[in-house]
Amino acid sequence: MNHKPTPAVLRVAIPTPLRRSFDYLPPKNIELSDLKPGVRLRLPFGRSEVVGILLEVTQQAQVAAVRLKRAIQLLDVEPILSPDMLWLLQWASQYYQHPIGEVFQQAMPVLLRQGRPARNKGLEHWHLTTTGLAVDPEALSRAPRQAELLALLKHHPNGISAAELNCQLSQWRPVMARLLEKSWVEKRERPASRPPTPPTSIKPELNNDQLLAVNQILTTQGQYHAFLLDGVTGSGKTEVYLRVIESLLANNLQALLLVPEIGLTPQLVSRFQRRFQGTPIAVLHSALNDQERLQAWLSAAKGEAGVIIGTRSALLTPLARPGMIIVDEEHDLSFKQQEGFRYSARDLAVVRARHLNIPIILGSATPALESLYNCDRERFTRLHLPERAGTASPPEFRLLDVRGQKLDNGLSAQLLSHIQSHLDSDGQVLLFINRRGFAPVLMCHDCGWHARCNRCDAHMTVHQHAHRLRCHHCGSERPLPINCPDCAGTEMLQVGYGTERVEQVLKVHFPATPILRIDRDTTRRKGAMQSMLEQVKQGKSQILVGTQMLAKGHHFPNLTLVGLLDADYGLFSADFRAAERLGQLVLQVAGRAGRAERQGEVLIQTHHPESPLLQSLLTHDYGRFAQALLAERQAANLPPFSHLALLRAEAVDAQAPLLFLEEARSQAAALNSAGVELYGPFPAPMERRAGRSRAQLLLQSSSRASLQQLLTPWLQRLETLKSGRRVRWSIDVDPLEMF
Ligand code: ADP
Ligand code: ZN
Ligand code: ZN
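Using the working numbering, the first residue of the sequence shown is number 31, and each one after it goes up by one.
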């Protein structure tokens with residue numbers, strides 16, 4: 031029989047917002063065996079060319095093969111994404127209902143998206159050959175440049191990289207070419223494995239709890255197991271990570287450490303570098319330029335880096351020899367991407383670890399309720415570090431009842447006198463406020479006019495130093511009016527307080543004390559945060575005023591008093607997660623106090639000192655606090671006892687979002703067989719923002735699977751709705767913020 035062979039079809043992910051993959055014919059003159067999933071291809075798309083990733087080679091085209099276009103060019107010899115990454119990204123695209131091409135875009139450094147070669151320039155290395163080693167540079171007096179380079183190479187028996195050469199010699203490449211011709215040197219792709227240098231930093235002796243944790247984690251090497259390392263601030267969680275990683279590295283495995291955006295400090299990186307001298311560490315964060323990002327990404331993907339430290343998106347980095355994933359401060363909001371591909375790097379890290387069959391550690395002093403619940407259900411193993419490591423003792427907590435008290439711009443007399451006494455004994459003081467700016471409201475005393483944002487349902491914040499009104503939701507600003515725009519009244523009241531105002535008041539009360547304000551306004555300049563933190567570390571008596579920027583990761587050995595000016599907002603918020611966040615924040619901020627030998631004190635101003643939630647924080651018992659919240663969540667059938675997805679829509683036209691969501695709702699109702707609850711559409715809590723009206727539709731189910739089952743066909747239909755073209759819409763699976 032005369033069988034015409036079915037042509038091979040390439041299924042690829044293409045950078046487009048369409049929720050599907052695309053089929054192409056292989057490029058001309060390319061062997062099928064060279065088309066491995068994970069390679070990049072240059073492809074015709076519409077009228078332009080794009081770079082796509084090959085997902086699979088198949089026999090079954092989604093459309094008739096005659097209509098398929100041919101790929102233009104194969105861009106990689108070897109896949110740039112490993113099979114496990116291909117799996118993870120496809121899984122994530124499905125689960126988070128985000129277009130596959132955009133998910134793949136997120137996982138690639140910009141230069142690779144553009145089709146540039148996946149080559150690690152910085153890792154070209156030159157070594158002397160045995161012939162070269164025998165040559166005496168002194169004998170090369172007629173070729174001084176060659177002599178110079180030869181001498182330099184002799185000082186680097188393990189080879190020297192382009193980056194190192196650039197620092198030492200100019201125009202070295204033509205000279206190196208001469209040496210290559212003579213076979214005195216050879217070029218290698220990656221550095222010869224460096225001899226392990228003995229660690230110079232002294233390791234503390236682990237305490238019993240740490241030892242137990244390390245041992246338990248190490249017994250699971252080479253298989254999936256999820257641990258929640260639940261340890262109070264300063265209990266030595268990082269030390270546990272270091273020990274576990276040490277053992278991974280000895281087994282030639284890589285460790286991936288994810289940290290919150292604000293937690294990735296030079297101190298943290300240098301702590302790892304000091305401990306693992308001789309091990310290349312790749313650092314991935316948002317401030318890298320394209321070239322640096324590519325280098326770090328490739329060094330992880332090719333297995334050159336032993337430790338990879340990065341923020342959220344570092345989870346999407348391929349690893350050649352994955353041994354373990356660690357997510358530090360796992361409760362932190364920055365692990366969830368709040369726009370575009372709305373994934374949770376923490377949750378996805380667990381999925382990845384399970385797929386790779388390696389252990390994962392989630393660490394926190396204040397774990398997310400989701401994670402604690404996973405321990406209750408025995409999905410995670412809880413490892414507890416109840417005490418501070420070393421000599422530091424836990425701080426003492428107190429509630430300051432401010433009912434009926436006169437507050438000077440948010441500061442009670444009690445708090446002021448405590449500040450004084452801590453300063454008197456050379457302690458540092460940290461005051462925490464959850465609002466930046468001078469005052470959150472500007473009001474006319476004569477007619478009651480309020481300064482509102484023209485584009486949002488929000489007040490504008492007074493920034494006195496800049497002499498501007500600013501909207502913290504859309505960024506618009508205008509000059510601070512001297513007279514009321516409505517009645518021309520002259521008495522403009524600045525109501526409420528933010529960091530700027532508290533700083534000013536403190537200057538009056540403590541004129542001789544240096545005061546540092548740390549918030550988004552004072553740290554905008556690159557390096558500003560770093561230099562302020564240095565100042566704090568060197569100083570003696572000082573007052574710090576700041577927002578939650580100060581809550582995480584920093585060690586201030588001289589800090590003895592932490593004051594929270596207003597804890598009550600967390601008790602009455604519309605967001606069901608507000609209480610959890612408040613508790614986390616209180617304990618994280620408190621964790622800054624008394625990290626060294628000095629006993630710390632934490633004072634919380636409140637109008638609700640009887641609140642059981644605040645009371646349970648006093649005992650420093652986050653576990654008890656969290657159990658109370660979990661009971662409330664269970665009673666209300668809220669996460670983690672149910673699962674949510676939020677469909678958001680916004681448009682300049684106020685009606686369009688509701689119209690779209692109404693249609694979306696009826697589509698969902700028609701598809702829904704598994705009892706997913708539909709709520710809404712409702713206007714968003716802040717209905718107008720940045721000039722657009724916003725609304726949302728909430729889906730809730732006690733079963734993740736039922737929710738997923740509905741989402742996939744539903745999203746396909748939403749794409750075809752005409753009303754959807756008049757709005758900007760997005761789906762958020764497992765939303766962390768409900769607006
Ligand atoms: P965490 O990550 O839980 O905040 P760290 O690992 O940073 O805690 O430890 C806090 C401080 O205690 C660090 O200065 C660390 O060097 C020190 N430390 C950690 N473990 C020990 C130990 N077993 N003995 C003495 N000091 C320790
Ligand atoms: Zn007025
Ligand atoms: Zn605004």
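We put the CB at the ideal spot given by N, CA and C, even for glycine.
Keep in mind it's a predicted model, so treat the numbers as computed, not measured.
Between ASP598 and the rest of its own chain, which residues show a CB-CB distance below 7 Å, the 5 nearest in sequence each way excluded?
THR636, HIS637, HIS638
Would you say ARG485 touches ligand 3, meaning its beta carbon is less than 7 Å from a heavy atom?
Within the cutoff, so yes.
Determine whether the beta carbon atoms of ASP358 and VAL313 lie at a separation below 8 Å.
no
Within 10 Å of its beta-carbon, does SER300 have 16 or more other beta-carbons around it, so buried, or fewer, so exposed?
exposed
Every unbroken beta strand (DSSP E) inside the region 531-592 [3 residues or more]
545-548, 573-576
Relative to the C-alpha of THR88, which candidate in ILE110, SER63, ARG77 has its C-alpha closest?
Comparing alpha carbon positions, the residue from ILE110, SER63, ARG77 closest to THR88 is SER63.
Tell me the residue span of the beta strand (DSSP E) that contains PRO20.
Only positions 31 to 769 of the chain appear in the structure, and residue 20 is not among them; the question remains open.
SER316 versus ARG342 - alpha carbon distance:
10 Å
Closest to GLN560 by CA distance: which of GLN572, MET579, ILE573 is it?
Put simply, of GLN572, MET579, ILE573 the residue whose alpha carbon is nearest the alpha carbon of GLN560 is MET579.
Whether LEU648 touches THR396 by CB criterion (8 Å)
Cβ distance not < 8 Å, so LEU648 and THR396 don't count as in contact.
PRO425 at chain C interface by Cβ criterion, 8 Å
Protein chain content of the structure displayed is limited to a single chain, and chain C is not contained in it.
Since GLN635 sits in a beta bridge, which residues does DSSP pair it with?
LEU430
Measure the beta-carbon distance from ARG49 to GLU693 and round it to whole angstroms, keeping in mind my assumption that it falls under 8 Å.
At roughly 18 Å, the Cβ-Cβ gap does not stay under 8 Å, so ARG49 and GLU693 are not in contact.
If you measure from the CB of PRO425, is any heavy atom of ligand 1 nearer than 7 Å?
no
Enclosing alpha helix (DSSP H) for HIS448 [first to last residue]:
443-454
Enumerate in chain order the residues of its own chain whose CB-to-CB distance from GLN251 is below 6 Å, with the five nearest sequence positions on each side excluded.
Correct list: empty, nothing qualifies.
Buried or exposed (CB count within 10 angstroms, at least 16 for buried), ALA101:
buried
State yes or no: is the C-beta of GLY519 nearer than 7 Å to some heavy atom of ligand 2?
yes
So for GLY613, helix, strand or coil by DSSP?
helix
If distances are taken between C-alpha atoms only, which option among VAL270, GLN92, LEU65, TYR125 comes closest to LEU745?
TYR125
For LEU98, which residues of its own chain have a beta-carbon under 7 Å away from its beta-carbon, when the five flanking residues on both sides are left out?
VAL39, ASP53, TYR54, LEU55, ALA91
PHE306 - partner residues in DSSP beta bridges:
DSSP, once it has assigned bridges, lists no residue as partnering PHE306.
Measure the Cβ-Cβ separation of PRO352 and LEU378 and say whether it is below 8 Å.
no
Within the chosen definition, does the region 716-727 reach the region 676-694 through at least 3 CB pairs nearer than 8 Å?
yes
What are the complete alpha helix (DSSP H) segments, minimum 4 residues, inside the region 125-193?
130-136, 140-143, 160-164, 174-184
Three-state secondary structure assigned by DSSP to GLU86:
strand
Give the DSSP-derived three-state secondary structure of PRO225 in the structure shown.
Residue placement at PRO225 is poorly supported in this model, since its pLDDT is 44, which falls under 50; the coordinates still yield a value, given next. Coil.
Just verifying my parser: in three-state terms, what is the DSSP assignment at ASN32?
Note that ASN32 scores 49 on pLDDT, short of 50, meaning its location in the model is unreliable; the coordinates nonetheless yield the value given after this. Of the three classes helix, strand and coil, the one that applies to ASN32 here is coil, per DSSP.
Just to confirm, does SER506 get its C-beta within under 7 Å of one of the non-hydrogen atoms of ligand 3?
yes
Roughly how many angstroms lie between the CA atoms of SER223 and PRO45, to the nearest whole one?
Unreliable placement is indicated for SER223, whose pLDDT of 46 sits below 50; the coordinate value is still reported in the next sentence. When rounded, the distance between both Cα atoms is 38 Å.
Going by DSSP in three states, SER213 sits in which element: helix, strand or coil?
coil
Inter-residue spacing [alpha-carbon to alpha-carbon] between LEU484 and MET522:
Just to set this straight, residue 484 is Asn in the shown sequence, not Leu. The straight-line gap from Cα to Cα measures roughly 19 Å.
At 4 residues or longer, what runs of the alpha helix (DSSP H) sit wholly inside the region 674-702?
Listed in chain order, the complete alpha helix (DSSP H) runs (minimum 4 residues) inside the region 674-702 are 686-701.
At least 3 beta-carbon pairs within less than 8 Å: the region 433-447 vs the region 490-498
The region 433-447 is not in contact with the region 490-498.
Where does the unbroken beta strand (DSSP E) through TYR527 begin, and where does it stop?
From DSSP, TYR527 is part of no beta strand (DSSP E); its letter is neither H nor E.
Contact between the region 580-596 and the region 454-471 (3+ Cβ pairs under 8 Å)
The answer is yes - the region 454-471 touches the region 580-596, with three or more Cβ pairs under 8 Å.
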